[in-house]
Amino acid sequence: MTQEERQERSRELIYQAALDEFGAADFDAVTMDRICSSHKISKGMMYHYFPNKEALFLFCAERIFLELKQYLEERAGELDSLPAFEAVKAFYVMRESFFLTRKREKHIFENAAFYPPKALAEQIQKLREPLRRLNHQFVNRHISRITLRDGIDPDKAIRYLDSISSSFWTVMEQYRRKEAPSDLHSMLAISEELMNMMLFGIAEP
1499 MTQEERQERS RELIYQAALD EFGAADFDAV TMDRICSSHK ISKGMMYHYF
1549 PNKEALFLFC AERIFLELKQ YLEERAGELD SLPAFEAVKA FYVMRESFFL
1599 TRKREKHIFE NAAFYPPKAL AEQIQKLREP LRRLNHQFVN RHISRITLRD
1649 GIDPDKAIRY LDSISSSFWT VMEQYRRKEA PSDLHSMLAI SEELMNMMLF
1699 GIAEP
């Protein structure tokens, strides 16, 4: 094993340990000592790669942002043949599907994106920017195909969809509590049902 491979293996070991801790507790509750002791990682190795908890959390957040971006990029092209509203709805459901089997990553994503530690907020915004650009590019591409209501221009529509993306997972958790979905298919169905109401409303015009 080369030195580069050993370093990559060590960083991956630390990352998986950090996923367990940051993925189960809020930022303030996690300590470097706890990560090391719970996962049998030497402090020497930990601090060789990450000088503090903040650097480790940023590393986790950046990796999750990039993995989500790659996941969406690989699949977003499949939606271009759909009607515009269906494409937008499917895009947001697709984002939810990424996290359905990644509970730890979801917890970290929500903490980083929606409740960031104050000292890290600016850095997290920069790390999240590539994902934001992807979202905007997709929505912009499809908004042009939608006949918007009177008084709603493309900029307002995009800002509304941005607000949905920021609150969707929280709303989803509240909405599905009584449903208690038991498998991936049923959870995706609930996601689509909720997104349909958020985009089209609940009352006849």
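Here the sequence shown is numbered in this note's numbering, starting from 1499 and rising by one per residue. Every residue, glycine too, gets a C-beta built ideally from N, C-alpha and C. Please read all numbers here as calculations on a predicted model, not as lab measurements.
At a cut-off of 8 Å, is valine 1586 close to the ligand ADP when judged by its beta-carbon and the heavy atoms of the ligand?
As far as ligands go, the structure on display features none, and thus does not contain the ligand ADP.
What whole-angstrom Cβ distance do valine 1637 and isoleucine 1656 have, given they're in contact under 8 Å?
Locating residue 1637 in the sequence shown gives position 139, where the first residue counts as 1. Locating residue 1656 in the sequence shown gives position 158, where the first residue counts as 1. At roughly 6 Å, the Cβ-Cβ gap stays under 8 Å, so valine 1637 and isoleucine 1656 are in contact.
Same chain only: Cβ atoms within 8 Å of alanine 1671, ignoring 5 sequence neighbours per side
In the sequence shown, residue 1671 corresponds to position 173, counting from 1. The residue you asked about is not alanine; residue 1671 is glutamate in the sequence shown. Here the set comprises nothing.
Would you call the stretch 1591-1609 and the stretch 1539-1546 in contact, with 3 or more CB pairs under 8 Å?
Under the three-pair Cβ rule at 8 Å, the stretch 1591-1609 does not count as touching the stretch 1539-1546.
Are three or more beta carbon pairs between the stretch 1634-1652 and the stretch 1593-1604 nearer than 8 Å?
The answer is no - the stretch 1593-1604 does not touch the stretch 1634-1652, with fewer than three Cβ pairs under 8 Å.
When the Cα of glutamate 1576 is compared with those of Lys1567, Phe1589 and Leu1618, which residue comes out closest?
Sequence index remark: in the sequence shown, residue 1576 carries index 78 (1-based). The shortest Cα separation from glutamate 1576 among Lys1567, Phe1589 and Leu1618 belongs to Phe1589.
How about arginine 1561 and tyrosine 1513: are their beta carbons less than 9 Å apart?
By 1-based counting over the sequence shown, the position of residue 1561 is 63. By 1-based counting over the sequence shown, the position of residue 1513 is 15. Taking 9 Å as the Cβ cut-off, arginine 1561 and tyrosine 1513 qualify as a contacting pair.
Near leucine 1554, what residues of its chain come up, given a Cβ to Cβ distance below 6 Å and the 5 sequence neighbours on each side ignored?
Position 56 of the sequence shown, counted from the start, is the residue given in the question as residue 1554. Ala1516 and Phe1548, listed in sequence order.
Residues of its chain near glutamate 1620, where Cβ-Cβ distance is below 6 Å and the 5 sequence neighbours each way are ignored:
Within the sequence shown, the letter at position 122 stands for residue 1620. Hits under 6 Å: none found.
Buried or exposed, going by whether 16 or more other CB atoms sit within 10 Å of the CB of lysine 1551?
As a working mapping, residue 1551 is identified with position 53 in the sequence shown. Taking every protein chain shown into account, the CB of lysine 1551 has 16 or more other CB atoms within 10 angstroms, so this residue is buried.
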